[in-house]
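Please read the structure below before turning to the comments.
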Amino acid sequence: MNTKFLSAILFGALMVSSTGTFVSCKDYDDDIENLQGQINSNKDAIAALQKLVGEGKWVTNISPVENGFAVTMSDGTTTSITGIKGADGKDGTEWTIGEDGFWYKDGEKTTSQAIAKDGEDGKPGATAPSPKIDANGMWVVYEWDAVKGEFVEKTTEISAQGTSAYVVKKDGVYVLHIADETGKFQEVTLPATSDAFVVEAPAAVVKVKFQTAKWQPAVKNTTEKAKKAYKTLTEKFTDLAGIAANAIVKQGGELPVLVNPANVELTDKFDFSLQLAKGKVLDIALSNPVKGIADDWKVNNGSMSRAAKTEDCLWTLDVEPAYNEKDKKYATTENEEASLVVENEKGTVVKTAFAYQVSADEVKNNVTVQAGAVTYAPTIDLTAVDAKTEKAGIIYANEYKGKAIVKLRDQLNIEQYGLSLDGNVLTIANMPANVSDITVKLNVIALGLNGSAVDEDIDVTVNQDIQVAGGLEDKNVTLSTEKVSGAYTQNVLWDVADFQFTTATQKNAFFKAGKTMSVYLLDENGDKPETATYTYTTDDGLAQYKSDGKAAATSYSDFAKFGFSLNAAEYVPGTYAIVFEATDGAATIVKSEATMIVSNPKAEDIFKLVPDFTTANVLQVIGNYATVANKVVYDLEDGILAPDFAGSDVTYIDLDHKAWEEAMGADTEMGAIDWIDDLGRLSVYQNAWNGDDTKANEYMLNKERNIRATYTLYGNAKNTIDYDFKVIVKSSVYTADGSNVTVKAITGAFGKEVNMTSNISAVYALGINKGKALTLFGNAGGSTEKDVTDYDAPKTDAAGKYVVNTDATPIEIAKADLIKFGMTVDAYTALGADDKFFLTVENNDVTVGSENSTLKGWETIMTEVNKYYTYNNGTWGDKDGLSADEKAARDASAEVALFKAYKDKLAYDTKKETVTTQAKPASDEIKSVTFAWDDTKLAEKFVTSTTIGTDGKFTAKAEADIKASDLVNGKAELKVNMKVTDKWGMVMTKTYTVTIKK
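The numbering of the sequence shown is my numbering, which starts it at -7 and goes up by one.
Dropping the structure here:
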């Protein structure tokens, strides 16, 4: 429906007559919504006009306002309709046709004649088409050219710039032209009087066809059967005798028209004619208005041809073109569109848009008759097209309409079904309830438009179905990810209620019926194969359930669902057509079709990268660098968590390499190397480009790569799914900032060797060992002497009585510990506020008041401690082989408790302990560790060599060999650059400071 038609129909449908009540042709909500969307500024105005016209009002005045018009209705209300205002928008323009037949613009007469001179038959002259605006923004009118006898376009000198709305009053209506947001003018037709009516073409183009043929019965009927049939027809239809041989015979020609309001009745008192755009009235008679249209009209792509449904407001006129004896042909619209002109009894003239095309089809072939199929009804018009079968019961071709004799030919057939015929109308009195179709046996004698005749026995099929409003609903099915009884299955069920059975009898028949559900996998073009991909029947796979979808239904009363079990191993994703039929013997109880779309579960829902190996949704690959020289290889399945229904049949594609191939990229581009090897592993050069030396920024390590894993699902080789993910190959020991390497404060003494490695440690950065100790430096092993604390030789005062701390101060015993050291309770309770006691080497006798006590000395404590503790390979700890009883005694020992509480407060002498170390190499991941002074010239002042060995040792110069002026606060600080190179070829640099002092 084009916009012009929408506007006209919308407002035409709202008109009223002077005496009648408004009757709307149809529900215009959708049209109004559409129009409001096209004319955004008029949303409220259109709704207001709709309400008023619906109440029986009509237009009494239209006056211009800025960008449009104020429309005054017969009840005195005024509504404004405006166009989309432009930069130079102005008031609406009104074009009218004066009583003198000339165009008037805003009340001023122009020189253009808008009405043709009255015809000799007294009919009003043709009215010009409405003015328009040309591409240059000038007004164009149509004026009558008496010489040519037609309307011609005339471009005026009147500018239309800024016009966003104009109205044309003619033919009893106002036609408003309103600019929308695109600048295109939309037309709105309003009634101008109380008795106005509107006629509209049902489509932008309406093609009206009539048939012609040369009458040649003698030539066309050559067999005895055909001659006999023709004789029978001429005896029945006596008017045929008047047709001369080789005469041109015409039939058909029906013109549909939409009339508003619905209570307007067309009669023979109306005058009808067809007028071309240039004013010519065609020699085509229109008569016999009949409400409704033939059921074989239709509209395609805006052009109306045979086969559309009847509407209340549609009427049909018989088309009778005049025959031109000279040209030997009937009048047509001459390959143009014509306007239908309608004049009522009161002289009101209305017109449609130029939409009608009238033309002739020549019939040359002989008449034929075929049997069709129709749907059962008590009475059936055998010539009408059945809505369900899309066929008539009797199918004619090239027939002379109305010239056929139809008879029932079989008495048993007649009696069995109670058949009777009235013309073409078949009555079936005894339609069996338990069959899906019956055969009606007919004899048809038909006449062709060219005079041919045919006598045929045909068998017409009358089908019978249960009439239900519903049917199968479409389904969207995602293949199951849960096992049921060892298989990935799921029930696909439909509700019986969807069929909308209206009686228990229907539902019971459906319950008892044999059911077949055929499932067809459509091809890539959406075409259905000849053979069903899967078939489920009541006896094999198609089950009937109660409302829970689990328990089997036992009768129609608890029958709520039906369907089949879909096995994911058998189906592949795609669109399936489902054809369902329930039958009882030969009778079809119900038949329905639906679409089922089957999908795999989403890849991102069923596949996951192993969380411990993933950062920011990128798989962090360490790989094995030792398997293939100069390469890191990795089995990608180790990094993906896949469900068991994905199976182990998986292939990998390097998407970046694929894109490089498709783009025919250069060999120097990163995509040139396929990261997936022939074994399906990730295989990446660790520190070289395709095996050659490469710049550091072109390493493949630490570069994200797009990989696709393609899995076979559910063990079905035809069902595959792609899982796309990113991967990055990294060193397990490398960090860009060296944050996994820790350097504690390193301090050396003048003249001494300094071993930096003892203060340097590292941990793994990635992989399963992430956070665990990483050995940067190996050692050769062996035995050495180590200075350790001698707990049996505490420092004492000069007299050797009291143990002291590093400041040579005696160690005071905490008051709370005095009883633990041996003080009696009586002595403890007699303590004065200023009484103090200090830890002695030997036991110490003390007196408090009259109470004497002996406090344990350090030697007594250590005698007990040495039972349980000793140095083991230079480390203080439990003696080897302590029994459980000994450990219990140790934990209960008061002396051990006092040792732990006071040992760190004392100062001690040292002693030598032999420490044996096992040879330990650096971790396999470490290729080398090197050291270098950050400032060699500065280092020369303080160390004996500017080269640091790989063992991390250097020797500081003696203080005497260092200039005092080079020291700051008596010490020197030197920066060291340590480089850690791993087996992946990655290099970490760690810079730290070494302090040298006395």
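All residues carry an ideal CB built from backbone N, CA and C; glycine is no exception.
- Contact between the region 826 to 836 and the region 918 to 935 is absent: fewer than 3 CB-CB pairs across the two stretches fall below 8 Å.
- Look at the beta carbons and you see the region 757 to 770 touching the region 897 to 915: at least three pairs across the two are nearer than 8 Å.
- Counting the other Cβ atoms within 10 Å of the Cβ of Val361 gives 16 or more, which makes it buried.
- In terms of Cα proximity to Ala709, the closest of Glu585, Phe923, Ala664 and Glu562 is Glu562.
- Bounds of the alpha helix (DSSP H) holding Tyr409 are Gln403 to Tyr409.
- When secondary structure is reduced to three states using DSSP, Leu705 falls in the coil class, being assigned neither helix nor strand.
- If you look at Asp310, you'll find it in the beta strand (DSSP E) that goes Leu306 to Pro313.
- Sixteen is the threshold: when 16 or more other Cβ atoms of the shown chains lie within 10 Å of the Cβ of Gly944, as they do, the residue is buried.
- Pairing Val725 with Leu674 gives a Cβ-Cβ distance that is not under 8 Å.
- The residues Ile803, Lys897, Leu898 and Ala899, in chain order, have a CB closer than 7 Å to that of Asn797 in the same chain once the five nearest residues on each side in sequence are set aside.
- Here Lys990 is exposed: its Cβ has fewer than 16 other Cβ atoms, across all protein chains shown, within 10 Å.
- Excluding the 5 residues flanking it on each side, Val719 has same chain C-beta neighbours closer than 6 Å at Leu611, Val613, Arg697 and Ile699, in chain order.
- Of all alpha-carbon atoms in Trp976, Gly284, Thr70 and Thr375, the one lying nearest the alpha-carbon of Asn694 is that of Trp976.
- If only uninterrupted beta strand (DSSP E) runs of at least 3 residues are considered, those enclosed by the region 389 to 474 are 391 to 400, 411 to 414, 417 to 420, 429 to 440, 445 to 455 and 467 to 470.
- Put simply, the backbone Cα of Gly245 is about 20 Å away from that of Asp231.
- Within 10 angstroms of the beta-carbon of Val817 lie fewer than 16 other beta-carbons, which makes it exposed.
- Remark: C-beta atoms of Pro56 and Glu86 approach each other more closely than 8 Å.
- CA-CA distance, Asp877 to Asp883, rounds to 10 Å.
- Boundaries for Leu374: no beta strand (DSSP E) harbours it, and the DSSP string shows neither H nor E there.
- Scanning its chain for C-beta atoms nearer than 6 Å, with the 5 sequence neighbours on each side dropped, one finds around Gly740 the residues Val746, Ala948 and Ile988, in chain order.
- Close CB contacts of Glu585 within its chain, under the 8 Å cut and outside five residues either way in sequence, are with Gly463, Leu464, Ala569, Ile570, Val571 and Phe572 (chain order).
- Under the DSSP assignment, Phe946 falls in the beta strand (DSSP E) whose first and last residues are Lys945 to Thr947.
- It is roughly 25 Å from the alpha-carbon of Thr942 to the alpha-carbon of Lys963.
- In this structure the region 807 to 814 touches the region 830 to 850; the number of beta carbon pairs closer than 8 Å is three or more.
- Here Val359 is actually not in contact with Val452; their C-beta atoms are around 18 Å apart, not less than 8 Å.
- For Pro370, the number of other beta carbons within 10 angstroms of its own is below 16, and it is reported as exposed.
- Closest option to Ser510, judged by alpha-carbon separation, among Lys504, Thr147, Glu522 and Phe503: Glu522.
- For Ala819, the enclosing alpha helix (DSSP H) begins and ends at Val817 to Thr821.
- A check of alpha carbon separations from Thr155 across Tyr166, Val144, Thr147 and Trp131 identifies Trp131 as the nearest.
- Unbroken beta strand (DSSP E) stretches of 3 residues or longer found wholly inside the region 881 to 936: 900 to 909 and 918 to 925, given in chain order.
- Boundaries of the alpha helix (DSSP H) around Lys219: Glu216 to Lys228.
- Below 8 Å, enough C-beta pairs join the region 190 to 197 and the region 336 to 353 to call them touching: three or more.
- In this structure, Ile276 places its C-beta atom within 8 Å of the C-beta atom of Val350.
- Using a Cβ-Cβ distance cut-off of 8 Å, the region 591 to 603 and the region 492 to 507 are not in contact, since fewer than three pairs of beta carbons, one from each stretch, lie closer than that value.
- Beta-bridge partners assigned by DSSP to Arg673: none are found.
- Taking C-beta atoms as the reference points, Val355 and Thr204 count as a pair closer than 8 Å.
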